[in-house]
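I have placed the structure first, in the form of structure tokens, so that the comments after it can refer back to it.
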Amino acid sequence: MDNFSAEMKAALENNDQAAAAKLAKERLEAIDNASLTIGVTGESGCGKSSFVNALRGLKNSDEGAAPTGPVETTMEPIEYPHPDHPNVKIWDLPGIGTPNFKADQYLEKVEFEKYDFFLIISNTRFKENDAKLAHEIQKMNKKFYFIRSKIDQDIQNEKRDKKVFNERETLSLIRNNCVEGLKQLEIKSPKVFLVSSSDLHLYDFEALGQTLESELPEHTRDALLWTPPLWPTPSPTALTVKAVLFSI
Numbered sequence: 681m682d683n684f685s686a687e688m689k690a691a692l693e694n695n696d697q698a699a700a701a702k703l704a705k706e707r708l709e710a711i712d713n714a715s716l717t718i719g720v721t722g723e724s725g726c727g728k729s730s731f732v733n734a735l736r737g738l739k740n741s742d743e744g745a746a747p748t749g750p751v752e753t754t755m756e757p758i759e760y761p762h763p764d765h766p767n768v769k770i771w772d773l774p775g776i777g778t779p780n781f782k783a784d785q786y787l788e789k790v791e792f793e794k795y796d797f798f799l800i801i802s803n804t805r806f807k808e809n810d811a812k813l814a815h816e817i818q819k820m821n822k823k824f825y826f827i828r829s830k831i832d833q834d835i836q837n838e839k840r841d842k843k844v845f846n847e848r849e850t851l852s853l854i855r856n857n858c859v860e861g862l863k864q865l866e867i868k869s870p871k872v873f874l875v876s877s878s879d880l881h882l883y884d885f886e887a888l889g890q891t892l893e894s895e896l897p898e899h900t901r902d903a904l905l906w907t908p909p910l911w912p913t914p915s916p917t918a919l920t921v922k923a924v925l926f927s928i
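Residue numbers for the sequence shown follow the numbering used here, so the first one is 681 and each next one is one higher.
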């Protein structure tokens, strides 16, 4: 346990809220240098690497872009810098459920627990592996956004196959499928974004960017202050300290 953890634990055990809040504020002076690791995960072929490139403002063909292709290309976790936040690292993780990364071995092989925050990418209806990833993230008391990718392809297919096509209804069906799948895991108010990495102006990509921009400080503070946890179940005093932090 580092000095901050020991001093904070002592302050809380003594119910010294003033000392705890002072320590927490001092800790936040390091927030600008704190790192946040984002794990981008999902099944192979779901568009993870293309999404990582889009998030970084790159095309798949640009220099420095994550490799993409019709076969499995991400064979190990690869780190990429966030374009606007140098202390935020985006990790393109291998796909779950392939011969190289079987579902029952995936979490250990990619060191799933080392990432602070997650983006789960899926390009089909909500599936077992999506549920497994969301469940494991929830067990670690960490947060994620669920990204439903390749929406442009779904829209094109529906237009081709349906005599009567309504884009708004189709998007609503896709979104609700993801939301309901997550709610079955008892995830409250799941954040689901529909995106097309090839047409960023469509659907929810802009909203996703705005949400990330506004919530990155919160995710960074969570990573800085709650790992490792000082309190298995946050006490009223601990919650008071956290309330002080988020008022800064």
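Just so you know, even glycine gets a beta-carbon here, dropped at the ideal spot from N, CA and C.
From this set, 814, 807 and 727, which residue's C-alpha is nearest residue 772's C-alpha?
-> 727
Less than 7 Å separating the beta-carbons of residue 846 and residue 805?
-> no
For residue 828, does the three-state DSSP call read helix, strand or coil?
-> strand
Proximity of residue 862 and residue 870 at Cβ, strictly below 7 Å | yes
Alpha helix (DSSP H) segment containing residue 876, residue limits = From DSSP, residue 876 is part of no alpha helix (DSSP H); its letter is neither H nor E.
In this structure, what does DSSP give as the bridge partners for residue 772?
-> 720 and 758
Below 7 Å between beta carbons: does that hold for residue 792 and residue 824?
-> no
In terms of DSSP beta bridges, what is residue 800 paired with?
-> 721 and 826
At a cut of 8 Å, does the region 808-815 reach the region 765-785 through at least three beta carbon pairs?
-> yes
Environment of residue 853 [buried if 16+ CB atoms lie within 10 Å] = exposed
So what does DSSP say about residue 845, is it helix, strand or coil?
-> coil
DSSP three-state call for residue 701: helix, strand or coil?
-> helix
Based on Cα-Cα distance, which residue from 789, 879, 781 and 690 lies nearest to residue 730?
-> 879
In or out: residue 695 buried (at least 16 other Cβ within 10 Å) or exposed?
-> exposed
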